[in-house]
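A short worksheet on the structure shown next.
Number of protein chains: 2
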Amino acid sequence: MQIAPPDFDRMFGALADPTRRDIVRRAVDSEEGVAELASHYPMSFAAVQKHIAILERAGLVTKERIGRRKIVRTNPEGLRVVRRLLDRYEELWRGRIDRMTTLVADPPDRKETDQ
Amino acid sequence: MQIAPPDFDRMFGALADPTRRDIVRRAVDSEEGVAELASHYPMSFAAVQKHIAILERAGLVTKERIGRRKIVRTNPEGLRVVRRLLDRYEELWRGRIDRMTTLVADPPDRKETDQ
DNA sequence: GCTCCATACAACCATATGGTTGTACAAATG
DNA sequence: CATTTGTACAACCATATGGTTGTATGGAGC
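Residue numbers (numbering that gives the first Met the number 0), protein chains in the order written: chain A, 0 to 114; chain B, 0 to 114.
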């Protein structure tokens, strides 16, 4: 079996909705089924179900069948994948700063005429 | 003047597109104007311009007028705001683990009948 | 097996999104 | 001042998204 590469479009897209972020937050440490989760929001059961499906396809939550319910749980690894991308951007930023600092401290080809 | 509260819908929404993420990546350490950025992508200038406007409204890039160009730069503070939200979720997760561990190590009200 | 409860999914609708082309504005250059 | 270059924005179109209601499936309890 192949491990799926992270789908950042789906991941960020899933997080770009307040209801879905709230589901992620709740499902971190709750053991609620779809219906119980749905009861927190002012929309139909089916709407919440769709939100959960979107989070699931993005790899941000998992569902486990227990009896006739399906427990929704936040997938911490999914969150970490997203975070790591942002870390990479910040690393690029640090790299830029470092290069600028190096340039100032140790100019490779400086002439007197340089500003 | 009031500092705007972070708009996570816009932020995650902005990052949910490969072109926009690539613009963020490039603009971390480039000094390109809108047209120069646009030249990297197989779409019209106006389309890229819209992408940049979306990133700008989300607080993920800034534009600085230089001559007749506008330099697009990634805003590292915007990225950090997003990252911090993910950090908070991970903290919740750690909290859950801690509580579970505590429960096992030091059950507050244990009876022999407990599983 | 029938019924109830939790979940899933299809069909539909309004609006948002991502692309296009065309036009207008702003600053450097002749 | 006219031209060129870079940016902004409006109008338009196709498709995606977020919501609805209705129907179907699957497991627990009688």
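Idealized CB from N, CA, C, for every residue including glycine.
Residue interval of the alpha helix (DSSP H) (run including residue i)
i, result
"B/I65", "Careful: B/I65 lies outside any alpha helix (DSSP H), inside the beta strand (DSSP E) at V60 to I65."
"B/A45", "F44 to R56"
"A/D8", "F7 to L14"
"A/T22", "A small fix is needed here, since residue 22 of chain A is Ile in this sequence, not Thr. Counting along the chain, the alpha helix (DSSP H) containing A/I22 begins and ends at P17 to V27."
"A/A37", "V33 to A37"
Chain B contact residues for residue i, given Cβ-Cβ distances below 8 Å
i, result
"A/E89", "P75, L78, R79 and R82"
"A/P17", "F7 and D8"
Closer than 7 Å at the beta carbon, the chain A residues around residue i
i, result
"B/L14", "F11"
"B/R20", "F7"
Beta carbon of residue i nearer than 9 Å to that of residue j
i, j, result
"A/D8", "B/A46", "no"
"B/L59", "A/V81", "no"
"A/T61", "A/Y40", "no"
Residue interval of the beta strand (DSSP E) (run including residue i)
i, result
"B/I70", "R68 to T73"
Within chain B, partners of residue i - CB distance below 7 Å
i, result
"A/G32", "In chain order: nothing, as chain B lies at least about 18 Å away."
Neighbourhood of residue i by C-beta distance below 8 Å, restricted to the same chain and skipping five residues each side
i, result
"A/P107", "At A/P107, the pLDDT of 49 sits below 50, so the modelled position is not reliable; the number obtained from the coordinates is stated separately. Correct list: empty, nothing qualifies."
"A/F144", "Residue 144 of chain A lies beyond the range of chain A shown here (0 to 114); nothing can be said about it."
"A/L78", "V23 and L59"
"B/A3", "G58"
"B/R109", "Because the pLDDT at B/R109 is just 45, under 50, the model does not fix this residue reliably, and the value given afterwards should be weighed accordingly. So the list is empty, once near-sequence residues are dropped."
Chain-ordered chain B contacts of residue i [CB-CB under 9 Å]
i, result
"A/L85", "L14, L78, R79, V81, R82 and L85"
"A/R24", "R87, Y88 and L91"
Same chain only: Cβ atoms within 6 Å of residue i, ignoring 5 sequence neighbours per side
i, result
"A/T73", "V23, A26, V27 and V60"
"A/D113", "For A/D113, the predicted model reports a pLDDT of 36, less than 50, meaning its position is unreliable; a value from the coordinates is still stated below. Within the same chain, A/D113 has no close Cβ partners at all."
"A/E111", "Bear in mind that the predicted position of A/E111 carries a pLDDT of just 40, short of 50, making it unreliable; the figure below should be weighed with that in mind. Cβ within range, chain order: n/a, list empty."
"B/E63", "I70"
"B/P5", "V80"
"A/I53", "A13"
"B/P75", "none"
"A/E30", "I70"
9 Å Cβ cut-off: residues of chain A touching residue i
i, result
"B/G94", "V27 and D28"
Own chain partners of residue i with C-beta closer than 7 Å, once the 5 adjacent residues on each side are dropped
i, result
"B/R20", "L14"
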